[in-house]
Structures are given as C-alpha cells and as structure tokens.
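Taken in order, these protein sequences are the chains called A and B. Residues in the first sequence are numbered from 1 upward in steps of one, following the UniProt record's numbering. Residues in the second sequence are numbered from 1 upward in steps of one, following the UniProt record's numbering. Glycine included, C-beta positions come from ideal geometry on N, C-alpha and C.
Number of protein chains: 2
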Amino acid sequence: MGFSFTVKHASQENRGRIGLLETFHSRIETPVFMPVGTQGTVKAMTVDDLRAIGFQLILGNTYHLYLRPGLDIVSEAGGLRRFANWPESLLTDSGGFQVFSLAKLNKVTEQGVNFRSHIDGSSHLFTPERVMEIEMGLGADIAMAFDICLPYPSNFQVAKEAMERTHRWAERCLKAHHRPDQVVFGIVQGVTYRELREESARTLASLGFPGYGIGGLSVGEPKPLMYEMLDYTVPLLPEEKPRYLMGVGSPDALWEGVARGIDMFDCVFPTRIARNGTALTSLGRVIVRDARYARDFSPLDPNCQCKTCTEYTRAYLRHLFKAGEILGAHLVTYHNLYFLKQVMEEIKLGLRTGTFEERKAEFFARCAN
Amino acid sequence: MGFSFTVKHASQENRGRIGLLETFHSRIETPVFMPVGTQGTVKAMTVDDLRAIGFQLILGNTYHLYLRPGLDIVSEAGGLRRFANWPESLLTDSGGFQVFSLAKLNKVTEQGVNFRSHIDGSSHLFTPERVMEIEMGLGADIAMAFDICLPYPSNFQVAKEAMERTHRWAERCLKAHHRPDQVVFGIVQGVTYRELREESARTLASLGFPGYGIGGLSVGEPKPLMYEMLDYTVPLLPEEKPRYLMGVGSPDALWEGVARGIDMFDCVFPTRIARNGTALTSLGRVIVRDARYARDFSPLDPNCQCKTCTEYTRAYLRHLFKAGEILGAHLVTYHNLYFLKQVMEEIKLGLRTGTFEERKAEFFARCAN
C-alpha cells in the first residue's frame, strides 16, 4: 500500500467531509480520532483493546521515545510498530511541542533546539534533519515536521519569527526525509494571529506536503479563538490533503473541528482523565469516585455498548478507583476511547446524511462535555 | 450444580492425586492454583484475561472487601461474583490472616478479634458468626472458617491455645453458616509443631467439613519445615475431601505440595512480583528491568505460548517498566499466571502418566524458581 487521501463526501452544511486515508498499513475513514501512545503504548490499553474498539491509527511521541528507550533500540526492533506490536498505522509527532513544554532549558537557534531531558537532565539537540532521522527510525506511516510551538499568548513579532523559522524548518524536513514508506506532514503555526495563520497555511500549502497539521492550538487559548483560527486556516489548505488538528480531542472540539474541515485529531485528554477516574458519557462527564455512585449498580453510560458499560457497574468502578486498582484505569480508559469513537461515528453519520448540525445540537444539549 | 469432590486418579509415586472439584458454578480439575483477587479484582487483569488463561476459581479477601467497599455494597450488588462480573467459581478467605498481619491493634478474646482498619483506623469486631455472615454476603462458592493465624516462630503453649480456639471457632462457623449454595472449609493450624498439626487435622476431620485448608504456613518458616508439616497433616485428613494449602503458590511449592497430597493453592506471589517486574519463566526468574534486556528482542519466556510471550519482547517489556507504564504490569502478570497454569498442567500430566518425579526433577533443574 502507498499513501493517499481521497475526499469521499463533502457536507452541504459546513466544511466537514468524509475521506479515505490510505497509509502504508491501513485504510482509514476520516474524520478520525487518534489515541495517543506517548511512550509506545496507549496508557492502560493493550493493542487488542485498541483494535477491538476499531482504532487503526495511533500516535507515538518522538520526544519521549527518543529519550526512552532511545532511537537505537526502537530502530533495532524494526521500528515502533514492531517494537510495540502495533500492526496498524502510526503517526509520530516531531517533539516540537514537547521540547518547549516538557524539556528543561531549551534554547532555540536557526539550527534547531538545544534542550535538556526531563528524565535525566542530559543535553540534546533537535534539528529538522535530526528529527527526520529519528522519525525515519521510528518508522511511522506519517511523520510530522519539526516546528516551533509557542505558548498562548505570544507577542506578534515573536510569533511571526517563530512561524517563519517553522517554514524554513519545514523545507529542511522535506529535504532531509528519504524514507519511501513514510510521508511527512507540514505544521501550520502562527499562534492566534489571523494574518500569521493565513500566511502559514499559504506557505506550507505551496511546499506540497501530503498532509497538514494545524499546530500551536489548544495551548490555553479560549476555544472560540481556536475555532476562529481554523476558520482562517482551513480554506487556504489544499482540499485534497488531510488536515490534522493537533492535540485536540474533547468531544465538543471534534464536532467543531470537523465542521471546519478537520480530518484528524489526537489528544491525551480522554485517556488522561480516565486514569483520574473521569468518564466521558452520553449524559455528560461522570466522576467515578463520587460518593453518589457507591450503590449505583447501573452502567457507567447507559447508552454505551463497550465492555466496561456492558459488564461493570458504576459502584464497581468507583470501588476500583477508591482501592487504587489498575483495572479501574483500564476500564474507564477503554470506555472513554470507545465513546470518542462513537462520537466520531455519529459525526460521520451527520455528514453523510446532511444531519450534522441537528445531531451536533442534540449532542451538545445532552452531554455538555 | 451442587458441591462435590471426587478423586479421579491417585499417583503411585507419592500422595498426589487428580480430582474433580464441582462447585456451584464450575467443574474444576485439581490440583488447582487460584489467583488472588484481594479487592475484588486480580490485580492488573480483566475477567476475560483470567478466563482466557483457563482459571475457573479465584480468591477474594474477606477482610479487604468488608472494609472496602463494604459488605452492604457487595451484598446489594448480588454478591462478589456479580459485583466483579466473575462468572466462574470463587473462594473467600475468612480474614483470619489479615486481622493479624494487616490490621492494627488487634485484640483476641474467646468471642473473636477486635481490630482497627488499616485504611482508616476504624474499630471492628470479627467473630466466627460475624465472619460467616460476611462471607455469606460475599456469596463465594467456598467460604473459609475464621481462624487464628500465628506468626513463625510461636511458643508451643501459645500455638496450642490458638489452635484449640481455632477448633472452637470452626464449630461456631459451622453452626452459624446457613447458605445452601456455599460450603465452609475448616482450617488446620498448629504453627510448626507436629503434635499440634496432627491434633488439628484429626479434630477438624471429625467435624466433617467438605474441605480443609491448611493455614498458618508460608509465614516465614523454612520451606522444608512447611513440607514436613504437610507430611504430618495430610494423611490425617479425609481422602475424599479437597485439601487447600493456603497462601502458597511458588512453582517449586506447587510440585512439593501436590506430591504431599495438596489439591488447591493460592498466593499473591506471582501477581505481586509481576507488578514489580519479575517474571517466572521456564528458564528461571527474569528481572525485566535488568539492563541486559535493553536490546533483547526475544520473548520473555521462549517456551511460553501466552500472549505476552508470543506478541512482545523483553526489550519492550523492559521499556514499559522503565517508563512506568501500566501495560508492563499487565503483561507480566498475565504471563506469570499463565506460567503457573502451565506448571500445574505439567504436574497433572506427571500424576496421570506416572512421570511426576521425573518431570519434577527436570523442572527444578531447568528453572530453579
């Protein structure tokens, strides 16, 4: 299999579309939510669980895997898919977000970013060329270009310079990349400045990437502002290429993002809150530890068909969390990922049948997640 | 289904036997190892995992479940099997071990044991009658009688008095128990005194329990001394009743116990060391975190067919443990339980074909666990 993307159906109601993303290992219907496997595993899930829910594309974090277990080990294993026994498709981010958010003492020059590991303080240099080398070694189907991800808010001039550098780095990534069974996506930046977002989209579009990430959002700005940025950006990206809104994955944002033409999403949010005992349900969030569920022998989500909801009760889940049992984290993670998958199915049904806005309104009224 | 035990085959080589244990929910071939689900879940495992390995009988801890989530909640759920979605058979211990080992400030009188919860310091009284009430509420197939479990070493007079009290409590348990779909096993005590062990076995045998636990062993005494106690005890217990060596489950002890006529075992050992990153394998123990496995892309146990060994490498498992990922605990727990199940299959094959001693010698030579 090669890599391709085809728009199969475009909504009449909004910019939403249904597409077929063919990677080197799977045929994936879009819009799609990608669970995050930061350290080579989607936390508290097995590969069988992910496949049972129907996921065909997950994300690995270059920054984390580069530091631990290290590129050499993952390469020697035959890449991350083989290392982690994941037979479907994989996307790796570039570490651009993590070197700014997690690493210590990062220093940016035109060459790249010097940073210290958050694990052991060791010193490292990420350049566009080095990151491409690492991502080629990890061997995902889709590698993200190395970018500069600024915090919100950021000064206009700083944002402009970082964006311009991100564009130069995008070109260097394209030049350095040479793995035939992997594609590179460019990343649009520009913080929350319309002018910069538009320029970034145009510039990257002109570079002819096979797909585009929209980065630097969901970093603390108000959600309406994030959606506004999508309104400016998406129309300037090529119709026939997939668009990936990076780091976004709350149910409401899936609806809003798809309506604005987004095809791919990822976020640690559903798995992270799950380990904390918070479930996303069709009736809103459920804080599993809450004393009100001590004797609640009903399912976590009465409208859900996942194994957690068909086999276990809220009272049992609450007990597991109170007792600190790993099974609790597993069962709620399973549910949250299953729930997001179902939300996306509902979204696609809306797109397909011209009932998107209606279904969206119903969803927001019912489960103000 | 009712409750019965039938010896199907007796070894010519030793006291070992193959039996059929019918409970109210399963038909179980013995000798059998029971995974421990202390707080209503075998740690890091799902019910589906346990069934996939082939377990039909697991253990729940009365002390823990009584304290959290509490008897009322488990009863209201319809018992522990329903609460935890476990469709097969269940055994509950009596808390006799935990009130002495875990609880604070326990005080023993003829009536029972006063203790403070290790969770919140609250004060509780366990009497034989109260424990039967709790175990009836938990609703396992097999409930263990409430006993006094002394440390090793213990003074002879103290051991004798505790044993005599345990016998009186055993009678009180039988009298108080009245759940038709549950049986009560008596527990032999006597620390490491031959005279006491023999007296305890004879006394309990005369009370006509449908099965017998051998308790108060594996509490720090040398293993040969534990085996010696079995040599004294087992011949005095009725042939036609199952014998359960409580709290024992290392691979070597399974061989030694079965050879001495033990039919049932339980232990947290295989699951506890798994969460710590230690695997039981056909070639001895593997400390998964060990740096020597960083680039070892071979299975955890080359002779094992479990999902962990067929799908993942030592290098990946090591990475999971180094990175603190839950999946590591799950995969090694799965393997250790699968391994113990296979050891028991090998033991039964030895019993069946008159090759027990030969297989045992081969096992000990290969994997000095």
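At a Cβ threshold of 8 Å, is residue i touching chain B?
{"i": "Y316/A", "result": "yes"}
{"i": "residue 370/A", "result": "Nothing about residue 370/A can be reported from this structure: the residues present for chain A run from 1 to 369 only."}
{"i": "E40/A", "result": "For the record, residue 40/A in the displayed sequence is Gly; it is not Glu. Chain B contact via Cβ: present."}
{"i": "R285/A", "result": "no"}
{"i": "R295/A", "result": "yes"}
{"i": "N106/A", "result": "no"}
{"i": "L327/A", "result": "yes"}
{"i": "K160/A", "result": "no"}
{"i": "residue 380/A", "result": "The structure shown does not extend to residue 380/A, since chain A is modelled only from 1 through 369, so no value can be given for it."}
{"i": "T46/A", "result": "yes"}
{"i": "A323/A", "result": "yes"}
{"i": "L320/A", "result": "yes"}
{"i": "F269/A", "result": "no"}
Quick check on the burial criterion: 16 or more other C-beta atoms within 10 angstroms. Buried or exposed for residue i?
{"i": "Q305/B", "result": "exposed"}
{"i": "T127/A", "result": "buried"}
{"i": "N155/B", "result": "exposed"}
{"i": "H178/B", "result": "exposed"}
{"i": "E110/A", "result": "exposed"}
{"i": "P235/B", "result": "exposed"}
{"i": "residue 393/A", "result": "Not covered by the structure: residue 393/A. The range shown for chain A is 1 to 369."}
{"i": "G78/B", "result": "exposed"}
{"i": "E346/B", "result": "buried"}
{"i": "M229/A", "result": "buried"}
{"i": "L349/A", "result": "exposed"}
{"i": "K241/B", "result": "buried"}
{"i": "T333/B", "result": "buried"}
Can you check whether the C-beta of residue i is within less than 8 Å of a C-beta belonging to chain A?
{"i": "E311/B", "result": "yes"}
{"i": "R68/B", "result": "yes"}
{"i": "N276/B", "result": "no"}
{"i": "E256/B", "result": "no"}
{"i": "A291/B", "result": "no"}
{"i": "I73/B", "result": "yes"}
{"i": "L337/B", "result": "no"}
{"i": "L340/B", "result": "no"}
Can you look up residue i in the DSSP assignment and give me helix, strand or coil?
{"i": "E221/A", "result": "coil"}
{"i": "H9/B", "result": "strand"}
{"i": "V268/B", "result": "coil"}
{"i": "E76/B", "result": "helix"}
{"i": "Y312/A", "result": "coil"}
{"i": "S206/A", "result": "helix"}
{"i": "R15/A", "result": "coil"}
{"i": "R285/A", "result": "strand"}
{"i": "K360/B", "result": "helix"}
{"i": "K104/B", "result": "strand"}
{"i": "R200/A", "result": "Sequence inspection shows Ser at residue 200/A; the Arg mentioned does not correspond to that position. S200/A: helix per DSSP, three-state reduction."}
{"i": "E110/B", "result": "coil"}
{"i": "I262/A", "result": "coil"}
{"i": "L280/B", "result": "coil"}
{"i": "V191/A", "result": "coil"}
{"i": "T333/B", "result": "helix"}
Looking only at its own chain, which residues have a Cβ that is under 6 Å from the Cβ of residue i, when we skip the five neighbours before and after it?
{"i": "V36/A", "result": "L59, D266 and V268"}
{"i": "F321/B", "result": "G277, V288, R289 and G328"}
{"i": "G70/A", "result": "none"}
{"i": "D181/B", "result": "F24"}
{"i": "Y244/B", "result": "G213 and M264"}
{"i": "S200/B", "result": "M163, V188, Q189 and G190"}
Examine chain D for any beta-carbon lying closer than 8 Å to the beta-carbon of residue i, and answer yes or no.
{"i": "E195/A", "result": "As a matter of chain content, chain D is missing from the structure shown, whose protein chains are A and B."}
Grab me the residues of residue i's own chain with a C-beta within less than 7 Å of its C-beta, minus the 5 sequence neighbours each way, in chain order.
{"i": "C309/A", "result": "P299, L300, D301 and H335"}
{"i": "S75/A", "result": "G137"}
{"i": "Y193/A", "result": "F156 and A159"}
{"i": "S282/A", "result": "D301, N303, C304, R366 and C367"}
{"i": "Y152/A", "result": "V191, T192, V219, G220 and E221"}
{"i": "V343/B", "result": "P251 and L254"}
Could you name the residues of the same chain whose beta carbon sits closer than 8 Å to that of residue i, not counting the 5 residues immediately before and after it, in chain order?
{"i": "A176/A", "result": "P128, E129, M132 and E133"}
{"i": "L315/B", "result": "Sequence check: residue 315/B is Ala here, not Leu. Cβ within range, chain order: Y293, A294, R295, D296 and F297."}
Less than 8 Å between the CB atoms is what I'm expecting for residue i and residue j, so what's the real figure, rounded?
{"i": "V32/A", "j": "M264/A", "result": "6 Å"}
{"i": "G96/A", "j": "F146/A", "result": "5 Å"}
{"i": "I148/B", "j": "V108/B", "result": "7 Å"}
{"i": "T92/B", "j": "E22/B", "result": "In fact, because the Cβ distance is near 18 Å, the residues do not count as touching under 8 Å."}
{"i": "A44/B", "j": "I326/A", "result": "5 Å"}
{"i": "L67/A", "j": "R81/A", "result": "So it is not a contact: roughly 19 Å between Cβ atoms."}
{"i": "A259/A", "j": "F356/A", "result": "7 Å"}
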